[in-house]
Amino acid sequence: MELYIPPKGLKFRLQNYKSKWAIFSRFSQEPKFFHFTSSDEYKDQYWTLIPGTGKHSGYFRIENCVTQQAIFSRFSQEPKFFTYTSSEFDDQYWTFVPGTGKRSGYFRIENYVTKWAIFSRFSKEPQLSHYISSDKFDDQYWSFVFEDMIIESVDYKIYVGKIQSTKNVVLMRQSLTNDTDGEQMLSFKVDESVKHTSTFEYLKETGLNIEAITGNHTWSFGNSTESVKKYTAELSVKVLPRTKIIVEATIKKSILNVPFIMHLKSKETGIKVDTYGTYSGVTTWDFNNIIREQKINPTC
């Protein structure tokens, strides 16, 4: 899965794969730079990325939203791993190395100068520091946990969507045989509910906290959401003498895959972000009442 890199201004926490704790930076008390539980949200745990240019292209400064200080890694002097005023220092630039397998959607944070990666652990000291970047260590893998986002709109790319399969479904079937010399009436009433399912999947693992409900739709990423569509109809059919009438209520049921672009906005800052994904679901459509007439032989 391709790694999602947030744009400048979009705030996030860095949560460790192993410890589940998030990095913070503060001036108020010691320690000023450390990790802490991410089960509660603290403002000093939020960061933003400053994209590098020139020789730093593809790298980013990780700048705290409270202190405006950036994380650095160096060998030249103490402290070797800490924060400092965000600037154009080589040792403040980092790249994100995507994980694979069980670490898919996670990444190592690797420094431009030292090539070392940030880790978080409880097993021994130091708990939060940097070390030789390697895919061997679970504690070097992180994810972005973003600030709350609001869905502004969703564009479905219908023209590239695919119908995987379609079948006809009979909701109700009713018949009446009129073996008399007079007319009869057949009353037909449909009141049926059909279950729909939908799943929304990201093309990139974003970690975006999306406000779950927009209008009457509930968004659940990676999980199936069920809804019910109701079909109702009522009609009367005249059945002529020596005639059989068959009435069916039918729908089409399809499995769809449709790409979408979701337009999001930060609840706090108004920063706008687009994310991409695929809608998969079972839906029904084309509700029809079909009437068939058959002549019958008179009884002797």
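First residue of the sequence shown: 14, per the working numbering; consecutive thereafter.
Virtual Cβ for every residue (Gly too), placed ideally from N, Cα, C.
query = Is it right to say G65 is buried, meaning 16 or more other beta carbons lie within 10 angstroms of its own, or is it exposed?
reply = Per the 10 Å Cβ criterion, buried.
request  = Measuring alpha carbon to alpha carbon, tell me which of V182, H143, Q81, Y30 ends up nearest F40.
outcome  = Nearest C-alpha to F40: Q81.
query = Is V203 closer than 8 Å to I264 when the C-beta atoms are compared?
reply = No, Cβ-Cβ distance for I264 and V203 is not below 8 Å.
key: V126 versus S89, G294, F132, L141, residue with shortest Cα-Cα distance   = For the residues S89, G294, F132, L141, the minimum Cα distance to V126 belongs to S89.
ask   = Which first and last residues belong to the beta strand (DSSP E) in which G290 is found?
value = Boundaries of the beta strand (DSSP E) harbouring G290: 285-308, taken from the DSSP string.
query = Taking one C-beta from the region 270-280 and one from the region 289-303 each time, how about it: are there three or more such pairs within less than 8 Å?
reply = Taking a contact to require three or more Cβ pairs closer than 8 Å, the region 270-280 and the region 289-303 qualify as touching.
Cα-Cα separation, W60 to T113 = Using only the alpha carbons, I get a separation of about 24 Å.
ask   = What residues are listed by DSSP as bridge partners for D204?
value = Partner(s): T245.
task = Buried or exposed for W107, please, with buried defined as at least 16 other CB atoms from any protein chain shown within 10 angstroms of its CB.
result = Buried, since its Cβ has 16 or more Cβ neighbours within 10 Å.
task = Check whether the Cβ atoms of F201 and V286 lie closer than 8 Å to each other.
result = Result no, Cβ atoms of F201 and V286 do not sit closer than 8 Å.
ask   = beta strand (DSSP E) containing H276: first to last residue?
value = That run of the beta strand (DSSP E) goes 256-279.
task = Just the C-alpha distance for F94 and E165, rounded to the nearest angstrom, thanks.
result = Between F94 and E165, the C-alpha separation is close to 40 Å.
task = Taking P64 as part of the beta strand (DSSP E), name the residues at either end of that continuous run.
result = Membership of P64 in the beta strand (DSSP E) is indicated by the continuous run 60-64.
task = Please check if any C-beta of chain C sits within less than 8 Å of the C-beta of S166.
result = This model lacks chain C altogether, as it is built from one protein chain only.
ask   = Roughly how many whole angstroms lie between the Cα atoms of N301 and Q307?
value = Rounded to the nearest angstrom, the gap between the Cα atoms of N301 and Q307 is 20 Å.
request  = Evaluate W129 with the Cβ neighbour count: other Cβ atoms within 10 Å of its Cβ, from every protein chain shown; 16 or more gives buried, anything less gives exposed.
outcome  = With 16 or more other Cβ atoms from the protein chains shown falling within 10 Å of its own Cβ, W129 counts as buried.
request  = Measure the alpha-carbon distance for Q84 versus F37 and round it to whole angstroms.
outcome  = Note on residue identity: the sequence assigns Ile, not Gln, to residue 84. Approximately 10 Å, taken between the alpha carbons.
task = Using alpha carbons as the reference points, say which of W155, K68, K31, V252 lies closest to S136.
result = Per the Cα distances, K31.
message = Assuming the contact rule is C-beta atoms closer than 8 Å, C78 and K45 should be a hit. Round their C-beta distance to whole Å, please.
response = About 15 Å; that fails the 8 Å criterion.
query = Short check: CB of I122 to CB of K278, under 8 Å?
reply = Cβ distance not < 8 Å, so I122 and K278 don't count as in contact.
ask   = How would you call E101, buried or exposed, if buried means at least 16 neighbouring beta carbons within 10 angstroms?
value = Exposed.
ask   = Around the C-beta of K115, are 16 or more other C-beta atoms found within 10 angstroms, so that it is buried, or is it exposed?
value = Counting Cβ neighbours within 10 Å, K115 comes out exposed, since fewer than 16 surround it.
inquiry  = So, under 8 Å CB-CB, E196 and V252 are touching, yes? Tell me the CB distance rounded to an integer number of Å.
reply    = Contact flag correct, Cβ pair sits at about 7 Å.
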